[in-house]
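Chemist: Can you keep this structure in mind? I'll have questions shortly.
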Amino acid sequence: MAATAAGLTVMSNACPAAPPDVHLVHALLRVTDCQVRALVHTGYDGLFQSGGSFAAVLTTLMTLYVALIGYQLMLGRGGLRIGDVTLSVVKLAAILSFATQWDTYQAIVVRVLFDGTAQIATAMLHLDSATASGGDIFDRLQRAFDILSAAPAPPVPAKPTGPLAAVPQIAALQSLPLLGGGVKVLALKAAASMLLFFSLGLLLATKVVLGVLLAIGPIFIALLLFDVTRGLFEGWLRATLAFAFAPMMTVFLLAVMLEILEPSLAAMVEQRAVGAVHADTAYSVLLLVLVFAAVATGLLIASATVFRGFRLPERKAPAAPQVPSPAQARSTPAPEALASPAARTSAAVAALARREERLVRADGGETSVRILGSTGASAAASRDPWTPPRDQTRLGDGARRITPTRTVSGTASRRPD
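Encoded structure:
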């Protein structure tokens, strides 16, 4: 509570009241801009500067983030690449710079979002950049408000005379302010209030909301560290951009509205100098101000709709290799079936050679031709049971020379003396 009271005291001392000679529009703009800037600075100092309450929280979050990256690198999980590690280092440096350096945060975030849109409006509308409040567009607004609010008071009707004076109801009815031009005066007063509210009031409201968002901005910038809290940062960024561009669009709309409204205001001044303001002039001004109020409301909705679709690019994890299911593996043809006929033939010959070599090793050195021949004969016999069995002579037996066996007796083998 003491820190909050001290901050409010600093803000009030830093923004003195406007001098009496300054008109209403410029006085409100100067005080509001000064108070919003002081609010952003005070909020930043209270959060992340030395001795702030969130400095320890930021240190803990960054330590946890670095520990998670190291854990993923040690275990080889998470699909981190060199580019991802580089982006993580850049993100850490940016968050640390924005959260601990007020000069960096003010130069890049506050000035771009708070002052950048006003400078864009100044350049596009060719306003006088010497005035901090946005140029002569606000002088024109002040003149329009003065003309509308300078309407004379409703005329007081004279007291009835003659026979009507005796009737109290008629006397009370004639004393109402809506009679005798009172409706025109009320219409002009309402138009002045609505014009000031939907132009200057809307501009000041968006600036105050923008100041609050910028004051708590370092918290949401720190939440950019983790993917779980990334959506909170995106929401804050969308809201900040919407309320940063809303004042610029309000100034554009005010410039267009004053271009349309100023001819009617000039006619009103001439009519007032002659006598009284015509009813059609008063009602046309009121209608234009009502249209301006409706368009200003729609402009805020349009700004929120435009920035609602803003998304930060997401890091895509590397795709895991797809393992085909057993059904897909069975239905997928072998590479040999998809090759050319020559490749299939060579693959079949190589497979046959390997099979014969395995069979030779298994049979202890016998030739595999016998096995192939017997296998083919048995297969043929199984196909046709009426076919007589073929000779089971091994291949090559018919061409072999059979040497006759000679019996040598004991007497024949004895040599004569």
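To convert, note that position 330 of the sequence shown is 347 in the working numbering; the numbers rise steadily by one, no gaps. C-beta atoms are modelled at their ideal positions from N, C-alpha and C, and glycine is treated no differently. It should be emphasised that the depicted structure is a prediction, and the values quoted were computed from it without experimental measurement.
Report the rounded CA-to-CA distance for A311 versus A232, giving the unit in angstroms.
Modeler: Approximately 30 Å between the Cα atoms of the pair.
Chemist: Helix or strand or just coil, what does DSSP make of G60?
Modeler: Note: G60 maps to helix in three-state DSSP.
Chemist: Alpha carbon to alpha carbon, how far is E287 from P235?
Modeler: Cα to Cα, the separation comes out at about 55 Å.
Chemist: With a threshold of 7 Å on Cβ separation, who are the neighbours of A44 within its own chain once the five nearest residues in sequence on each side are excluded?
Modeler: So the list reads A35, once near-sequence residues are dropped.
Chemist: How would you write the range of the alpha helix (DSSP H) that R371 sits in, first residue to last?
Modeler: 358-379 is the extent of the alpha helix (DSSP H) around R371.
Chemist: Assess contact between the segment 289-299 and the segment 254-265, defined as three or more Cβ pairs (one per stretch) separated by less than 8 Å. Is contact present?
Modeler: The answer is no - the segment 254-265 does not touch the segment 289-299, with fewer than three Cβ pairs under 8 Å.
Chemist: What separation, rounded to the nearest whole angstrom, lies between the Cα atoms of V200 and A272?
Modeler: Distance between the alpha carbons of V200 and A272 is about 28 Å.
Chemist: Measure the alpha-carbon distance for V74 versus D38 and round it to whole angstroms.
Modeler: Near 48 Å, if we compare the C-alpha coordinates of D38 and V74.
Chemist: Measure the beta-carbon distance from L278 to L305 and round it to whole angstroms, keeping in mind my assumption that it falls under 8 Å.
Modeler: Their Cβ separation, rounded to whole angstroms, is 5 Å, which keeps L278 and L305 in contact under 8 Å.
Chemist: Of the residues M79, S166, L205, K108, which one's Cα is nearest the Cα of L41?
Modeler: Here the closest residue by C-alpha is S166.
Chemist: What is the DSSP secondary structure of H43, counted as helix, strand or coil?
Modeler: Helix.
Chemist: Quick one: residues in its chain with C-beta nearer than 7 Å to the C-beta of A183, no 5 flanking neighbours on either side, listed in chain order?
Modeler: In this predicted model, A183 has a pLDDT of only 47, less than 50, meaning its place in the structure is not dependable; the value taken from the coordinates is given anyway. Closer than 7 Å at Cβ, skipping near neighbours: no residue.
Chemist: Which residues mark the beginning and the end of the alpha helix (DSSP H) in which Q288 is found?
Modeler: Unbroken alpha helix (DSSP H) run through Q288: 247-291.
Chemist: Expressed to the nearest angstrom, what Euclidean distance is found between the alpha-carbon atoms of A367 and V106?
Modeler: Rounded to the nearest angstrom, the two C-alpha atoms are 56 Å apart.
Chemist: Please report the distance separating the alpha-carbon of A337 from that of R98.
Modeler: Note that A337 scores 49 on pLDDT, short of 50, meaning its location in the model is unreliable; the coordinates nonetheless yield the value given after this. Going from the Cα of A337 to the Cα of R98 covers about 14 Å.
Chemist: Assign I318 to one of three DSSP states: helix, strand, or coil.
Modeler: In this structure, I318 counts as helix in the three-state DSSP scheme.
Chemist: Is L195 buried or exposed, if buried means 16 or more other CB atoms sit within 10 Å of its CB?
Modeler: Residue placement at L195 is flagged as unreliable, the pLDDT there being 46, under the threshold of 50; the coordinate-derived value follows with that caveat. L195 should be labelled exposed.
Chemist: Ignore the nearest five residues each way along the sequence and tell me which others in M211's own chain have a CB closer than 6 Å to its CB.
Modeler: Correct list, in chain order: V306, A310.
Chemist: Would you kindly report the start and end of the unbroken alpha helix (DSSP H) that includes D101?
Modeler: Start and end: 99-117.
Chemist: DSSP three-state label for P36, please.
Modeler: Coil at P36, not helix or strand.
Chemist: Can the beta-carbon of A259 be found less than 7 Å from the beta-carbon of A321?
Modeler: Yes, the Cβ-Cβ distance between A259 and A321 is below 7 Å.
Chemist: Quick one: Cα of T49 to Cα of G218, how far?
Modeler: Going from the Cα of T49 to the Cα of G218 covers about 11 Å.
Chemist: Assign L329 to one of three DSSP states: helix, strand, or coil.
Modeler: Residue state, collapsed to three classes: coil.
Chemist: Can you list, in chain order, the residues of its chain whose CB lies under 6 Å from that of M285, leaving out five sequence neighbours each side?
Modeler: Answer for M285: V294, T298, listed in chain order.
Chemist: To the nearest angstrom, how far is the alpha carbon of D145 from that of T103?
Modeler: Any reading at D145 must be qualified, since the residue scores a pLDDT of 48, below 50, and its modelled position is unreliable; no value is offered.
Chemist: For a quick check, are the C-beta atoms of R255 and F324 less than 7 Å apart?
Modeler: Result yes, Cβ atoms of R255 and F324 sit closer than 7 Å.
Chemist: Is E251 closer than 7 Å to L329 when the C-beta atoms are compared?
Modeler: Cβ atoms of L329 and E251: closer than 7 Å.
Chemist: Mark M141 as exposed unless 16 or more other C-beta atoms lie within 10 angstroms of its C-beta, in which case mark it buried.
Modeler: That one is exposed.
Chemist: Using a Cβ-Cβ cutoff of less than 7 Å, which residues in the same chain neighbour Y300 once the five nearest sequence positions on both sides are dropped?
Modeler: Cβ within range, chain order: A204.
Chemist: Where do the N-terminal and C-terminal ends of the alpha helix (DSSP H) with I456 fall, by residue?
Modeler: Because the chain is modelled from 18 through 434, residue 456 falls outside the range shown and cannot be assessed.
Chemist: What did DSSP end up calling A394 once you bin it into helix, strand or coil?
Modeler: Only weak support exists for where A394 lies, its pLDDT of 46 falling under 50; the value from the coordinates is given anyway. A394: helix per DSSP, three-state reduction.
Chemist: Just how far apart, CA to CA, sit K206 and L158?
Modeler: Cα to Cα, the separation comes out at about 15 Å.
Chemist: Can you grab the Cα-Cα spacing for the pair C32 / C51, in whole Å?
Modeler: Rounded to whole angstroms, C32 to C51 spans 6 Å at the Cα level.
Chemist: For V294, which three-state DSSP category applies?
Modeler: Reduced to three states, the DSSP call for V294 is coil.
Chemist: Can you tell me the Cβ-Cβ gap for A239 and I112, rounded? I've got them flagged as a contact below 8 Å.
Modeler: Yes, they are in contact, since the Cβ atoms of A239 and I112 sit about 6 Å apart, within 8 Å.
Chemist: Can you tell me where the alpha helix (DSSP H) with A161 in it begins and where it stops?
Modeler: That run of the alpha helix (DSSP H) goes 154-166.
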